[in-house]
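S.K.:
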Amino acid sequence: MTDLTGKTALVTGSVQGIGLSIAEALAGAGARIAVHGIAGDAQIEEVCTRLRDKGSPQAEFFPGDLRQPDRIAALMEAVVAWGGADILVNNAGVQHTEWLSKMPAETWDTILAINLSAAFHTMQAALPVMAERGYGRVINIASVHGLVASKQKAPYVAAKHGLIGLSKVAALEYASRGDRSKGGVTVNCICPGWTNTAIIEPQIQERMAAFDGDRDAAIADMLKEKQPSLRGSDPSEIGSLAVWLCAPLAHNVTGAAIPVDGGWTAQ
5 MTDLTGKTAL
15 VTGSVQGIGL
25 SIAEALAGAG
35 ARIAVHGIAG
45 DAQIEEVCTR
55 LRDKGSPQAE
65 FFPGDLRQPD
75 RIAALMEAVV
85 AWGGADILVN
95 NAGVQHTEWL
105 SKMPAETWDT
115 ILAINLSAAF
125 HTMQAALPVM
135 AERGYGRVIN
145 IASVHGLVAS
155 KQKAPYVAAK
165 HGLIGLSKVA
175 ALEYASRGDR
185 SKGGVTVNCI
195 CPGWTNTAII
205 EPQIQERMAA
215 FDGDRDAAIA
225 DMLKEKQPSL
235 RGSDPSEIGS
245 LAVWLCAPLA
255 HNVTGAAIPV
265 DGGWTAQ
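Each position in the sequence shown, counted from 1, maps to that position plus 4 in the working numbering.
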């Protein structure tokens, strides 16, 4: 078991989906969790309580609009003042499916800001602190769409490809920083395929129309088209991989883009 006692993790977009599952996994390993996302007071309290119940000694919410660099700077200053971030998980993301010719410019700008530029700003603030401490982990949640493309996802694919490239640059710049005995500083991407989260719900709904409203048939059709395993991933599986990447023994795993996609990108 990886022991993250004494470590502080910021997980963006951690009030639901993959982000919440990663936060839960890190909490189970003993990390303090800086929670972030879009949620009301009741949901925030529920998530923080849940993380403490999972094993986190502290879980606290930190606001920050990831479309705004000044808000990101304030978020990072607050998290550093709180004791972090030893672990930074850039998970927050948005998606909108539309043909390139019809994609609204403002949608392009929003998706690029949240899915790519925000990671640049958080990493720029966190990595020097990690290097000083001798240990640091950046885990960027990319996508299979950071490795391959699909129709109607121009801004999402562009952002995720960019996120992998950004992560490789940061991995190279910090590869020799930090202290091996503490675990060093690494930067990696996890690239999920079809995963059972709300972000794919619009695509499920769209396909259901072709199957007389049969949700299971629509999901099976999605999987058949892309994912050879014919199985979707559970978000907790992404959380387990994130915890492993945080272990000191993973000190030489850096600059990687790890698919969790049932063979999608092996085709």
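Every residue, glycine too, gets a C-beta built ideally from N, C-alpha and C.
Can Gly150 and Cys193 be called in contact, C-beta distance under 8 Å?
M.R.: Position 146 of the sequence shown, counted from the start, is the residue given in the question as residue 150. Position 189 of the sequence shown, counted from the start, is the residue given in the question as residue 193. Contact: yes.
S.K.: Pull up the DSSP beta-bridge partners for Arg237, would you.
M.R.: Against the sequence shown, residue 237 aligns to sequence position 233. Reading the sequence as shown, one finds Ser at residue 237 and not Arg. Paired residues: Thr199.
S.K.: Residues bridged to Pro263 by DSSP?
M.R.: Mapped onto the sequence shown, residue 263 falls at position 259. Under DSSP, Pro263 shares a beta bridge with Cys195.
S.K.: Three Cβ pairs or more, each shorter than 8 Å: is that satisfied between the region 40-58 and the region 125-132?
M.R.: no
S.K.: Give every residue of the same chain whose Cβ lies closer than 8 Å to the Cβ of Ala224, excluding the five residues on either side of it in the sequence, and list them in chain order.
M.R.: Residue mapping note: residue 224 aligns to position 220 of the sequence shown, counting from 1. Only Leu234 meet the Cβ criterion.
S.K.: Would you identify the three-state DSSP class for Arg219, choosing helix, strand or coil?
M.R.: Locating residue 219 in the sequence shown gives position 215, where the first residue counts as 1. DSSP places Arg219 in helix when its eight states are reduced to three.
S.K.: Rounded to the nearest angstrom, how far is the Cβ of Gly17 from that of His40, given a contact under 8 Å?
M.R.: By 1-based counting over the sequence shown, the position of residue 17 is 13. By 1-based counting over the sequence shown, the position of residue 40 is 36. Confirmed, Cβ separation roughly 7 Å.
S.K.: With 8 Å as the threshold, decide whether the Cβ of Ala251 is near any Cβ in chain D.
M.R.: In summary, chain D is missing from the structure at hand, where a single protein chain is found.
S.K.: Looking at C-alpha atoms only, which residue of Glu210, Pro132 and Ile145 is the closest neighbour of Asp90?
M.R.: Stepping through the sequence shown from its first residue, residue 90 is reached at position 86. Residue Pro132 is the option with its Cα nearest to Asp90.
S.K.: Provide the residue(s) that pair with Phe124 in DSSP beta bridges, ordered along the chain.
M.R.: On the sequence shown, residue 124 is found 120 positions in, with the first residue counted as 1. Partner(s): none; Phe124 has no beta bridge.
S.K.: Return the CA-CA distance between Gly182 and His255, expressed in angstroms with no decimal places.
M.R.: As a working mapping, residue 182 is identified with position 178 in the sequence shown. As a working mapping, residue 255 is identified with position 251 in the sequence shown. So the alpha carbons of these two residues sit roughly 10 Å apart.
S.K.: Which of the three DSSP states, helix, strand or coil, is assigned to Thr190?
M.R.: Taking the sequence shown and counting its residues from 1, the one referred to as residue 190 is at position 186. In the structure shown, Thr190 sits in a strand (DSSP, three-state: E or B).
S.K.: So, helix, strand or coil for Ile42, using DSSP?
M.R.: Within the sequence shown, numbered from 1, the residue matching residue 42 stands at position 38. Note: Ile42 maps to coil in three-state DSSP.
S.K.: Find out if the Cβ-Cβ distance for the pair Cys195, Ala146 is shorter than 8 Å.
M.R.: As a working note, residue 195 is residue 191 in the sequence shown. As a working note, residue 146 is residue 142 in the sequence shown. Yes, they are a contact pair.
S.K.: Once DSSP output is grouped into helix, strand and coil, what is the label at Asn144?
M.R.: In the sequence shown, the residue the question calls residue 144 occupies position 140. Here Asn144 sits in strand by DSSP.
S.K.: Between Pro263 and Ile42, what straight-line distance do the alpha-carbon atoms span, to the nearest angstrom?
M.R.: As a working note, residue 263 is residue 259 in the sequence shown. As a working note, residue 42 is residue 38 in the sequence shown. Going from the Cα of Pro263 to the Cα of Ile42 covers about 27 Å.
S.K.: Helix, strand or coil for Lys14? Go by DSSP, reduced to three states.
M.R.: Indexing the sequence shown from 1 puts residue 14 at position 10. Note on identity: in this sequence residue 14 is Leu, with Lys being the wrong assignment. Of the three classes helix, strand and coil, the one that applies to Leu14 here is strand, per DSSP.
S.K.: Verify whether the separation of the beta carbon atoms of Val93 and Ile168 is less than 8 Å.
M.R.: As a working note, residue 93 is residue 89 in the sequence shown. As a working note, residue 168 is residue 164 in the sequence shown. Result no, Cβ atoms of Val93 and Ile168 do not sit closer than 8 Å.
S.K.: Could you check which residue in Gly243, Trp198 and Lys157 has the C-alpha nearest to that of Trp268?
M.R.: What you label residue 268 is simply residue 264 of the sequence shown in a count that begins at 1. The shortest Cα separation from Trp268 among Gly243, Trp198 and Lys157 belongs to Trp198.
S.K.: In whole angstroms, what separates the C-alpha of Ala158 from that of Pro239?
M.R.: The residue given as residue 158 occupies position 154 in the sequence shown. The residue given as residue 239 occupies position 235 in the sequence shown. Each residue's alpha carbon lies about 24 Å from the other.
S.K.: Let me confirm a value: Gln271 is counted as buried when at least 16 other C-beta atoms fall within 10 Å, else exposed. Which label applies?
M.R.: In the sequence shown, residue 271 corresponds to position 267, counting from 1. So Gln271 counts as exposed.
S.K.: State the beta-bridge partners of Tyr139 as determined by DSSP.
M.R.: Translated into the one-based positions of the sequence shown, residue 139 becomes position 135. Per DSSP, Gly188.
S.K.: So, helix, strand or coil for Val173, using DSSP?
M.R.: Looking up residue 173 in the sequence shown gives position 169. Looking at Val173 - three-state DSSP - the assignment turns out to be helix.
S.K.: Take the Cβ of Asp74 as the centre, count every other Cβ of all protein chains shown within 10 Å, and call the residue buried at 16 or more, exposed below.
M.R.: Against the sequence shown, residue 74 aligns to sequence position 70. Label assigned to Asp74: exposed.
S.K.: Name the residue from Glu241, Arg36, Leu24 and Lys186 whose alpha carbon lies nearest to the alpha carbon of Gly266.
M.R.: Position 262 of the sequence shown, counted from the first residue, corresponds to residue 266. The residue with the shortest Cα to Cα distance from Gly266 is Glu241.
S.K.: By DSSP's criteria, Ala63 is part of a beta bridge. Which residues make up the other side?
M.R.: To locate residue 63, count along the sequence shown from 1; it is residue 59. In DSSP, Ala63 forms a bridge with Ile37.
S.K.: Specify whether the region 24-35 and the region 54-63 touch according to this definition: at least 3 beta carbon pairs, one from each stretch, less than 8 Å apart.
M.R.: yes
S.K.: Less than 6 Å between C-beta atoms, sequence neighbours within five positions excluded: which residues of the same chain meet that for Lys186?
M.R.: Sequence index remark: in the sequence shown, residue 186 carries index 182 (1-based). These residues qualify, in order along the chain: Gly138 and Tyr139.
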